[in-house]
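Everything below concerns the one structure shown next.
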Amino acid sequence: MATCVLTNAVAGEQYLSIVIPGRMYKDEYLKRGLHPKMLSRALEDSGTMSSALVPWNTCGAYIYGTLGVSTFAYFPYAFLNLINPLVSLFLIAIKFKIETISEDEIERLQNPENQSLA
318 MATCVLTNAV
328 AGEQYLSIVI
338 PGRMYKDEYL
348 KRGLHPKMLS
358 RALEDSGTMS
368 SALVPWNTCG
378 AYIYGTLGVS
388 TFAYFPYAFL
398 NLINPLVSLF
408 LIAIKFKIET
418 ISEDEIERLQ
428 NPENQSLA
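So the mapping is simple: the numbering used here equals the position in the sequence shown, first residue as 1, plus 317.
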């Protein structure tokens, strides 16, 4: 999750903060037997939610450009953006709705060329 927030701050683009960590951690999630939905959830909870809180990010710049409200002005009121990653970490800690996958499913996801188109 921290990788997404840092990528938002460094790259300045929300999509990069989702794609780069997603590709970085895809194999690790499979190695640990976690469903790809868990990776998607982590990327959403951190990358998407933190993008509007970075002033030089495209989301923060768009909000400032269209509404004229600086990121620093709405930062204390962005409860969802601030609390959602913390709630996600708490839910992960108590293992709430953590989905795992079988070895067969891991093999299928690691070797997509073996799949038929049907």
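Note that the Cβ used here is the ideal one computed from N, Cα and C, for glycine as well.
This structure is a prediction, so every number in the text was calculated from the model and none was measured.
Residues in the same chain with beta-carbon distance under 6 Å from residue i, minus the five sequence neighbours each way, listed in chain order, please.
i	result
S334	C321, T324, N325 and G364
Y346	L356
Could you tell me how far apart the beta carbons of residue i and residue j are, in whole angstroms, since I believe they sit closer than 8 Å?
i	j	result
E416	K354	6 Å
M318	P429	Not confirmed; about 26 Å, so no contact.
D362	S405	4 Å
A395	L370	6 Å
Once the 5 residues before and after residue i are set aside, which same chain residues still bring their CB inside 8 Å of it?
i	result
T375	G329, E330, Q331 and S368
V386	I380
M366	L397, N398, N401 and P402
K414	L408
Specify, as a first and last residue, the run of the alpha helix (DSSP H) that residue i falls within.
i	result
T324	A319 to A328
F407	F396 to A410
E422	E420 to Q427
Taking 7 Å as the limit between beta carbons, can you name the residues of its chain near residue i, skipping five residues before and five after?
i	result
D344	none
What are the start and end residues of each continuous alpha helix (DSSP H) run of 4 or more residues lying completely inside the stretch 346 to 393, in chain order? Secondary structure remark: continuous alpha helix (DSSP H) runs of at least 4 residues inside the stretch 346 to 393, in chain order: 353 to 360, 375 to 384 and 388 to 391.
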